[in-house]
Amino acid sequence: MDSKDAEINRHPNDHNQATHLPRTLHFTLKPVDRLKGHEDFDSWLYYVKVHLESLGLKDLLDRSIPRPKETWNTYKIWTECSIKVRIWLADSISWDVAQLMEANPEPAMFADDYLAKLDMVVFWFAYQNPQLVYDDALRVKRKNYPNLLAFVKDLRAKFALAKKVGVMLPHESMRILLGEVRDDMPAYVAKALVSVNSSPYQVKDENVSMVFQDVTAYARARMMA
330 MDSKDAEINR HPNDHNQATH LPRTLHFTLK PVDRLKGHED FDSWLYYVKV HLESLGLKDL
390 LDRSIPRPKE TWNTYKIWTE CSIKVRIWLA DSISWDVAQL MEANPEPAMF ADDYLAKLDM
450 VVFWFAYQNP QLVYDDALRV KRKNYPNLLA FVKDLRAKFA LAKKVGVMLP HESMRILLGE
510 VRDDMPAYVA KALVSVNSSP YQVKDENVSM VFQDVTAYAR ARMMA
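Each position in the sequence shown, counted from 1, maps to that position plus 329 in my numbering.
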């Protein structure tokens, strides 16, 4: 069955953006800290999703989840909820980001389109200059930081951006991270590198995240000691 046939055969009971919606618009969207730019995008989006999930609205942000068909009973409430969330998102960004959104002609009537446009606008420079993003990540060196925690925080942010624009594979991120913290955690690094070197392409983003968590926990414990 091709995608066109699948769309024709979709049923209202199939999971879609309206599946978990409230039945009315009588819900309150609370303010969140305004998005300033790409530096705080991930943390901003995290709090946005947590709040929307508590109201059954998180699926409205996800373009990979199908929208209800116009002929379905849920289409009207989906439209109203999505527009309400889109307006709330627009009220949750800084003036500088709002100006960038206004200057971009891409239409964004519903919440998922608005978030996709916001991502494109905020990270436009990174998407247009992936090599600069890659080089910037490589310039983050442990020796330039007074403590391990500050280094890990910056490196993680640079790696996240490099991953976003598709210029760094997980095993490469892992090797760079482990190489930089070798002097801080020699035994841990030696053990971790065994699996990385034996099966580099088996390293996943989740593995890199786990190592970042381990290094962060170690760094915090050392600062408290």
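Every residue gets a Cβ at the ideal spot worked out from N, C-alpha and C, and that includes glycine.
Values in this document were obtained by computation on a predicted structure and should not be read as measured data.
Rounded separation between residue i and residue j - CA only
i, j, result
"residue 541", "residue 508", "13 Å"
"residue 489", "residue 403", "37 Å"
"residue 375", "residue 390", "12 Å"
"residue 443", "residue 461", "27 Å"
"residue 305", "residue 512", "The structure shown does not extend to residue 305, since the chain spans only 330 to 554, so no value can be given for it."
"residue 446", "residue 437", "7 Å"
"residue 356", "residue 384", "8 Å"
"residue 551", "residue 434", "50 Å"
"residue 337", "residue 520", "Caution applies to residue 337, whose pLDDT of 47 falls short of 50 and renders its modelled position unreliable; the value that the coordinates give is listed next. Each residue's alpha carbon lies about 52 Å from the other."
"residue 553", "residue 515", "20 Å"
"residue 352", "residue 426", "32 Å"
"residue 360", "residue 487", "28 Å"
"residue 421", "residue 528", "43 Å"
"residue 467", "residue 504", "12 Å"
"residue 570", "residue 481", "With the chain running from 330 to 554 in the structure shown, residue 570 is simply not present."
"residue 455", "residue 547", "31 Å"
"residue 414", "residue 428", "19 Å"
"residue 478", "residue 354", "44 Å"
"residue 496", "residue 469", "16 Å"
"residue 522", "residue 510", "12 Å"
"residue 464", "residue 418", "32 Å"
"residue 407", "residue 457", "34 Å"
"residue 377", "residue 362", "9 Å"
Residues that DSSP places opposite residue i in a beta bridge
i, result
"residue 364", "422"
Proximity to residue i [Cα-Cα], best of the options
i, options, result
"residue 401", "495, 347 and 474", "347"
"residue 476", "362, 441, 368 and 545", "545"
"residue 344", "454, 394 and 504", "394"
"residue 485", "496, 502 and 495", "502"
"residue 397", "428, 365, 424 and 439", "439"
"residue 471", "416, 506, 526 and 458", "506"
"residue 448", "408, 483, 350 and 493", "493"
"residue 368", "517, 543, 406 and 491", "491"
Secondary structure of residue i, DSSP reduced to three states
i, result
"residue 492", "helix"
"residue 344", "coil"
"residue 512", "coil"
"residue 349", "coil"
"residue 474", "coil"
"residue 438", "coil"
"residue 399", "coil"
"residue 416", "helix"
"residue 497", "coil"
"residue 545", "helix"
"residue 450", "helix"
"residue 528", "coil"
"residue 357", "coil"
"residue 564", "The structure shown does not extend to residue 564, since the chain is modelled only from 330 through 554, so no value can be given for it."
Cutoff 6 Å; reference residue i; Cβ partners in own chain excluding five residues on either side
i, result
"residue 381", "387"
"residue 340", "none"
"residue 370", "451"
Cut-off 7 Å between Cβ atoms - residues of its own chain near residue i, not counting five sequence neighbours on either side
i, result
"residue 499", "532, 533, 534, 536 and 537"
"residue 473", "none"
"residue 335", "Here the model assigns residue 335 a pLDDT of 49, short of 50, so the residue's position is not dependable, and the following value carries that caveat. None."
"residue 364", "370, 373, 421, 422, 423 and 426"
Same chain, Cβ closer than 8 Å to residue i, neighbours up to 5 away in sequence not counted
i, result
"residue 366", "423, 425, 426 and 451"
"residue 543", "517"
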